[in-house]
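Participant: If you read the sequence shown in my numbering, its first letter stands for residue 45, the second for the next number, and so on.
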Amino acid sequence: MTSPTPSPPAPGLRIVGVLGGIGSGKSTAAGLLAEALGGPDRLLDADREVAELLASPVVAEEVAAAFGTGILRPDGLIDRRAVAGRVFADPEARRTLETILHPEVRRSLHRRLEALEATGGAVWAVLDVPLLIERGLVDICDFLVFVEAPDSLRAQRATERHGWSREEWAAREAAQAPLAEKRSRADAILDNTGEPADLRAAIRDLLPRLLALPPRSLAARWPRWDQAPLPR
């Protein structure tokens with residue numbers, strides 16, 4: 045007598061949120077998770093969304109109205125380095141920029157999740173969102189991963205990759221939730237002090253826990269992009 049065929053998972057989303065400090069390798073881990081869970085289209089990258097917004101002439105006009113034309117390049121688009129210099133030195137300026145950008149980022153992320161859910165079946169999504177805690181988006185996640193690396197290594201990675209000074213790295217870090225809070229919210233810790241192969245192996249070891257997650261609908265966690273997500 046043959047064993048019954050297992051039922052396919054119920055339709056809905058299974059969302060993994062990735063937390064970590066700047067330079068921890070959070071985006072690398074998010075990309076590897078997406079690759080392991082269905083492919084790069086499963087990755088929702090908020091930094092990419094922001095970059096696309098900052099390349100928009102409409103957004104450039106709105107940001108220039110708030111900060112002055114000194115933050116524009118000769119082509120009329122936003123000089124991201126000039127804006128960063130303003131907002132990471134001035135919390136009020138940062139809040140002003142977030143008021144302009146974050147609603148559009150939330151709208152885009154919600155639209156992407158709707159599109160993934162519409163493909164049918166139990167669909168994975170991996171969120172690489174720097175302000176996941178601050179914006180309440182941890183509540184739409186089924187599982188939270190914290191990517192860990194020591195401060196000295198994170199600072200080295202960030203300065204080499206972006207050309208920042210250590211002070212710039214520290215200012216950006218201070219604008220996010222404390223590492224201790226991110227770590228305490230996590231369901232799993234990924235150590236990223238070794239080689240890329242070590243991180244891949246750690247993600248591979250994590251997969252059984254992720255595959256056991258039941259899917260949930262987007263409506264059950266975040267009915268509208270312009271509303272706060274429902275409590276996790």
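For glycine and all other residues, C-beta sits at the position ideal for the given N, C-alpha and C.
Enumerate in chain order the residues of its own chain whose CB-to-CB distance from A78 is below 7 Å, with the five nearest sequence positions on each side excluded.
Facilitator: P84, R86, L87, V170.
Participant: Apart from the five residues on each side of it in sequence, which residues of its chain come closer than 6 Å, Cβ to Cβ, to R276?
Facilitator: Counting only Cβ-Cβ distances below 6 Å, and skipping sequence neighbours, we find D183.
Participant: Below 9 Å between beta carbons: does that hold for V107 and V127?
Facilitator: Yes, they are a contact pair.
Participant: Does the beta-carbon of D249 have 16 or more other beta-carbons within 10 angstroms, so that it is buried, or is it exposed?
Facilitator: The residue is exposed, with fewer than 16 neighbouring Cβ atoms inside 10 Å.
Participant: Measuring alpha carbon to alpha carbon, tell me which of Q220, R229, R179, D91 ends up nearest F132.
Facilitator: Nearest option by C-alpha distance: Q220.
Participant: Going by the CB atoms, is the gap between R130 and R150 shorter than 9 Å?
Facilitator: In this structure, R130 does not lie closer than 9 Å to R150 by Cβ.
Participant: Roughly how many angstroms separate the alpha carbons of P147 and L255, rounded to a whole number?
Facilitator: Cα to Cα, the separation comes out at about 32 Å.
Participant: Runs of 4 residues minimum, wholly inside the region 117-205: which ones carry the alpha helix (DSSP H) assignment?
Facilitator: The region 117-205 contains these whole alpha helix (DSSP H) runs: 124-131, 135-162.
Participant: With distances taken Cα to Cα, identify the nearest neighbour of L175 among Q271, L81, A90, G69.
Facilitator: With distances taken between Cα atoms, L175 lies closest to A90.
Participant: Excluding the 5 residues preceding and the 5 following I59 in the sequence, name in chain order all residues of the same chain whose CB lies nearer than 7 Å to its CB.
Facilitator: So the qualifying residues of the chain are A169, L171, I184, C185, D186.
Participant: If the criterion is Cβ atoms closer than 9 Å, does the pair R253 and D231 meet it?
Facilitator: Contact flag set, yes.
Participant: Using the three-state DSSP reduction, which class does L63 fall into: helix, strand or coil?
Facilitator: Reduced to three states, the DSSP call for L63 is strand.
Participant: Use the C-beta contact count for A73: other C-beta atoms within 10 angstroms, 16 or more gives buried, fewer gives exposed.
Facilitator: When all chains shown are included, A73 counts as buried.
Participant: Would G67 be called buried (16 or more neighbouring beta carbons within 10 Å of its own) or exposed?
Facilitator: It is buried - the Cβ of G67 has at least 16 other Cβ atoms within 10 Å.
Participant: When DSSP labels each residue in this structure, what does G83 get in the three-state scheme?
Facilitator: Reduced to three states, the DSSP call for G83 is coil.
Participant: With a threshold of 16 other CB atoms inside 10 Å of the CB of E204, please say whether the residue is buried or exposed.
Facilitator: Answer is exposed; the Cβ neighbour count stays below 16.
Participant: Mapping DSSP to helix, strand and coil, what is D242?
Facilitator: Helix.
Participant: For a test of the three-state rule: what should DSSP assign to R216, helix, strand or coil?
Facilitator: It is helical.
Participant: Need the endpoints of the beta strand (DSSP E) that D235 sits in, please.
Facilitator: Note, D235: beta strand (DSSP E), 232-235.
Participant: Out of D123, P240, P135, which one is the CA nearest neighbour of A95?
Facilitator: Closest option to A95, Cα to Cα, is D123.
Participant: Once DSSP output is grouped into helix, strand and coil, what is the label at L254?
Facilitator: In this structure, L254 counts as helix in the three-state DSSP scheme.
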